[in-house]
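**Q**
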Amino acid sequence: MNRAALRSAGLLGSGMLSALALGPWGFWPLAIAGLAWLYQAMADLDTWRRRLLTAWLFLFGYHLVGLVWMIDLTPPGYLISVPIMSLIVAAPFAVVSRSQVLGRRHSGLVLLPAALVVGEAWALVFPFGGVPMANMALGQVNGPLLPVARAFGALGIIAALGLLSAAVGETAITIASGKRKLERPTWFAFGVVLLVVAAGYVAPAGSVVDTITVSTVQGGGRLGTNAVNSDLGSVYERHLEATAQVPDGALVVWPESAVTVNDDFDGSSEQLALSSLAIERNLTFIVGVTQRNNVPDRDNTFDNLAVVIGPDGEVFDEYSKVHLVPFGEYVPLRSFVDRFADLSLIPREAVAGSGPGAVDTPFGPVAVAISFEIYFPERVRSGVDQAGALLVVNPTLASSYRTTHVPEQTLASAQLRAVETGRWVVQSSTTGYSAIVDPDGDVIGRTGLIEQRVVTAPVQLRDGKTWPTRTGKLPITLLAIGLLIMLSAKRPRLPARPQQLSESKVTGSEKPFN
């Protein structure tokens, strides 16, 4: 095997290794090791094509593992998505020229985190409104970088991960060269990471307003099912049966699509039964409802709702899902795609809602992120920042998947949103995982997959705003873009250091990212 093939294999392998930081594996240090390898491999690259290819190979390996759950759902979609998502995240690496930041030879220490932040930020909005699955912050929820989310959000975790990985890569280069001391920029990078983590512990986290009892209900059932081949009535019955376990007076959260009705939910037999139960036991429900529309102008569509039923039995409020799942709840370019794919599993298209993700309840405003929306910081932020939500709920549905990958990543997203907002997050899924997460990102209670179970806990209602709640992801994204622009400016080159790692040598001896 020649040098180029070995280099490519190393990049693919290090990318795959990094993806093992994600759930269900959760080996968070492997992301640092893999990205440190990428840092070293970016040496000697004097054209944008080579920089792009190097980053793409690494990210191709990462997404091969990180998106492997797609094989069970759509093998062709997996084969298409892996290279495309890898290209989207890799693109920022291509724009940086061989420059020295502030006249020094350590541009890579700045570039790696900046390029990762811009790439992951782009993946949050493109294509089709964003595909955030397998983003690198999800792999750090069980590691020491999680508190960074309270100060700088999920993109802040990615920045800290990139900076730490670059510093580790620089340390490896120094050791390989036989030097006994790290250079100051490397120590500075380690110091910045420590300061960023420390900021997460001292940043505003909100304050307690009240404590209530919350139950998240999981009806259970088989995996690998969908709305077309499922007995939707039995889904409702299983959740109704499980609700017998909740204590009187609780806030009860049911999953996405726990109830499916034709036309209006209000006045349906399911609504009347839940209202009767609410009155009898002084319960407040937040119920996931699929409302199939069979009226002119909305035929063959559905609304994905979270409906609040108060203890007086009245429908208190409802939220209609805003950020829909492409090729799940709707088909982009449907008339074109229909020529090449079987769309029988998506016979209806969801109607997108609008406005902040929140509902009013007898306990106060509650942020709602339905299913896929929990992956998007801005959807949860809209409920907390604009509506003043005291709690976050995530009715979700993962029964379409046969493995633990998506449930694990969805729970990791709930942990990130909890830390970002300083709120408790209550996740409810038809088949798992259902969980209650505190504002530190700790999972207080959770179900297994498939089982019928209720998780109940005292949950704090909290107000106040964290920094990410106030500012969103725009400041850190603009900062990263600014650094990339600065790095792409032509500057006089300084004498290059000797190449320390022979396996990354190709044409010269430049410092990584110079």
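The letter at position 461 of the sequence shown is residue 1532 when you use this note's numbering, and the numbering goes up by one with no holes. The beta-carbon is built from N, C-alpha and C at its ideal position, and this holds for glycine as well.
(1) Using a 10 Å radius around the Cβ and a threshold of 16 neighbouring Cβ atoms, would you call A1269 buried or exposed?
(2) In angstroms with no decimal places, state the Cα-to-Cα distance between A1315 and A1321.
(3) Assuming A1220 contacts L1487 under a Cβ cut-off of 8 angstroms, what Cβ separation, rounded to an integer in Å, is found between them?
(4) Is the region 1134-1143 close to the region 1201-1217, with three or more CB pairs under 8 angstroms?
(5) Within the chosen definition, does the region 1485-1500 reach the region 1144-1156 through at least 3 CB pairs nearer than 8 angstroms?
(6) Check whether the Cβ atoms of T1537 and P1275 lie closer than 8 angstroms to each other.
(7) What span of residues does the alpha helix (DSSP H) with A1377 cover, start to end?
(8) Does R1452 pass the burial test, meaning 16 or more other C-beta atoms within 10 Å, or should it be called exposed?
(9) Roughly how many whole angstroms lie between the Cα atoms of G1084 and A1126?
(10) Give a yes or no on whether 8 angstroms exceeds the smallest Cβ distance from S1278 to chain B.
(11) Assign H1560 to one of three DSSP states: helix, strand, or coil.
(12) Helix, strand or coil for D1281, going by three-state DSSP, please let me know.
(13) For F1199, count the other beta carbons within 10 Å of its own beta carbon; 16 or more makes it buried, fewer makes it exposed. Which is it?
(14) Touching or not, the region 1286-1296 and the region 1241-1254, by the rule of three or more beta carbon pairs under 8 angstroms?
(15) Where does F1387 fall in DSSP's three states?
(16) Alpha carbon to alpha carbon, how far is P1427 from A1528?
(17) Using three-state DSSP, classify S1286 as helix, strand or coil.
(18) Rounded to whole angstroms, what's the CA-CA distance from T1540 to S1278? Just pull it up for me.
(19) For F1356, write down the residues that DSSP places opposite it in a beta bridge.
(20) Since I believe L1462 is in contact with V1437 (beta carbons under 8 angstroms), could you give me their beta-carbon distance rounded to a whole number of angstroms?
(21) Measuring CA to CA, which of L1395, G1384, L1354 is closest to T1372?
(22) Tell me which same chain residues have a C-beta within less than 6 angstroms of the C-beta of L1183, skipping the five on either side of it?
(23) How big is the Cα-Cα spacing for Q1570 and W1193?
(24) When burial is assigned at 16 or more other CB atoms within 10 Å of the CB, is I1357 buried or exposed?
(25) Quick one: Cα of V1172 to Cα of A1162, how far?
(26) Check each candidate in P1397, A1112, N1364 and name the one with the smallest Cα separation from G1148.
(27) What is the DSSP secondary structure of I1521, reduced to helix, strand or coil?
(28) Counting only the same chain and skipping the five closest in sequence on each side, list residues whose C-beta sits under 7 angstroms from that of L1216.
(29) For Q1523 and G1290, which I take to be in contact (beta-carbon distance under 8 angstroms), what is that distance rounded to the nearest angstrom?
(30) Express the C-alpha separation of F1387 and V1332 in angstroms, rounding to a whole number.
(31) In three-state DSSP terms, what is S1500?
(32) Determine the DSSP secondary structure at L1532, reduced to helix, strand or coil.
**A** Looking at the coordinates:
(1) Translated into the one-based positions of the sequence shown, residue 1269 becomes position 198. With fewer than 16 other Cβ atoms within 10 Å, it is exposed.
(2) Along the sequence shown, read from residue 1 onward, the residue named residue 1315 stands at position 244. Along the sequence shown, read from residue 1 onward, the residue named residue 1321 stands at position 250. Each residue's alpha carbon lies about 12 angstroms from the other.
(3) For the purposes of this step, residue 1220 is taken as the residue at position 149 of the sequence shown. For the purposes of this step, residue 1487 is taken as the residue at position 416 of the sequence shown. Between L1487 and A1220 the Cβ distance is about 6 angstroms, and since that is below 8 angstroms, they are a contact.
(4) Between the region 1134-1143 and the region 1201-1217, the count of Cβ pairs shorter than 8 angstroms is three or higher; the stretches touch.
(5) Pairwise C-beta distances place the region 1485-1500 out of contact with the region 1144-1156, as fewer than three of them are shorter than 8 angstroms.
(6) By 1-based counting over the sequence shown, the position of residue 1537 is 466. By 1-based counting over the sequence shown, the position of residue 1275 is 204. Yes.
(7) Walking along the sequence shown from the start, residue 1377 turns up at place 306. Boundaries for A1377: no alpha helix (DSSP H) harbours it, while the beta strand (DSSP E) harbouring it runs 1372-1380, taken from the DSSP string.
(8) Here residue 1452 refers to the residue found at position 381 when the sequence shown is read from its first residue. R1452 comes out buried.
(9) Against the sequence shown, residue 1084 aligns to sequence position 13. Against the sequence shown, residue 1126 aligns to sequence position 55. Rounded to whole angstroms, the gap between the alpha carbons of G1084 and A1126 is 13 angstroms.
(10) Going by chain labels, chain B is absent from the structure shown, which holds only one protein chain.
(11) Numbered from its first residue, the sequence shown carries residue 1560 at position 489. Looking at the sequence shown, residue 1560 is not His but Ala. Coil, per DSSP.
(12) Counting from 1 along the sequence shown, the entry for residue 1281 is found at position 210. Here D1281 carries a strand assignment [DSSP, helix/strand/coil].
(13) Residue numbering aside, residue 1199 sits at position 128 when the sequence shown is read from its first letter. Exposed, because fewer than 16 other Cβ atoms sit within 10 Å of the Cβ of F1199.
(14) Segments in contact, no.
(15) Looking up residue 1387 in the sequence shown gives position 316. Residue state, collapsed to three classes: strand.
(16) Here the question's residue 1427 lines up with position 356 in the sequence shown. Here the question's residue 1528 lines up with position 457 in the sequence shown. Cα to Cα, the separation comes out at about 27 angstroms.
(17) Reading the sequence shown from its first residue, position 215 is the one you call residue 1286. It is a strand residue.
(18) Mapped onto the sequence shown, residue 1540 falls at position 469. Mapped onto the sequence shown, residue 1278 falls at position 207. Whole-angstrom Cα-Cα distance: 14 angstroms.
(19) Indexing the sequence shown from 1 puts residue 1356 at position 285. Beta-bridge pairing links F1356 to V1323, I1380.
(20) By one-based count along the sequence shown, residue 1437 stands at place 366. By one-based count along the sequence shown, residue 1462 stands at place 391. V1437 to L1462, Cβ: 5 angstroms. Contact.
(21) The sequence position of residue 1372 within the sequence shown is 301, counting from 1. Looking at the Cα atoms, L1395 is the closest of the given residues.
(22) For the purposes of this step, residue 1183 is taken as the residue at position 112 of the sequence shown. So the list reads Y1110, G1233, A1237, once near-sequence residues are dropped.
(23) To locate residue 1570, count along the sequence shown from 1; it is residue 499. To locate residue 1193, count along the sequence shown from 1; it is residue 122. With a pLDDT of 47 at Q1570, under the threshold of 50, the modelled position of this residue cannot be trusted; read the value that follows with caution. Spanning the two alpha carbons is a distance of roughly 33 angstroms.
(24) Here residue 1357 corresponds to residue number 286 of the sequence shown, with the count starting at 1. It counts as buried.
(25) Mapped onto the sequence shown, residue 1172 falls at position 101. Mapped onto the sequence shown, residue 1162 falls at position 91. Model confidence at V1172 stands at a pLDDT of 39, short of 50, so the residue's coordinates are unreliable; what they give is reported in the following sentence. When rounded, the distance between both Cα atoms is 20 angstroms.
(26) Numbered from 1 along the sequence shown, position 77 holds the residue referred to as residue 1148. Among P1397, A1112, N1364, the Cα nearest to that of G1148 is on P1397.
(27) Here residue 1521 refers to the residue found at position 450 when the sequence shown is read from its first residue. Looking at I1521 - three-state DSSP - the assignment turns out to be coil, as it is neither helix nor strand.
(28) Your numbering for residue 1216 matches position 145 in the sequence shown. These residues qualify, in order along the chain: I1228, A1231, L1232, V1268.
(29) As a first step, residue 1523 is located in the sequence shown; it is residue number 452 there, counting from the start. As a first step, residue 1290 is located in the sequence shown; it is residue number 219 there, counting from the start. Sure, about 6 angstroms apart at Cβ, within 8 angstroms.
(30) Within the sequence shown, numbered from 1, the residue matching residue 1332 stands at position 261. Within the sequence shown, numbered from 1, the residue matching residue 1387 stands at position 316. Spanning the two alpha carbons is a distance of roughly 18 angstroms.
(31) Here residue 1500 refers to the residue found at position 429 of the sequence shown. Here S1500 sits in strand by DSSP.
(32) By one-based count along the sequence shown, residue 1532 stands at place 461. Three-state result, L1532: strand.
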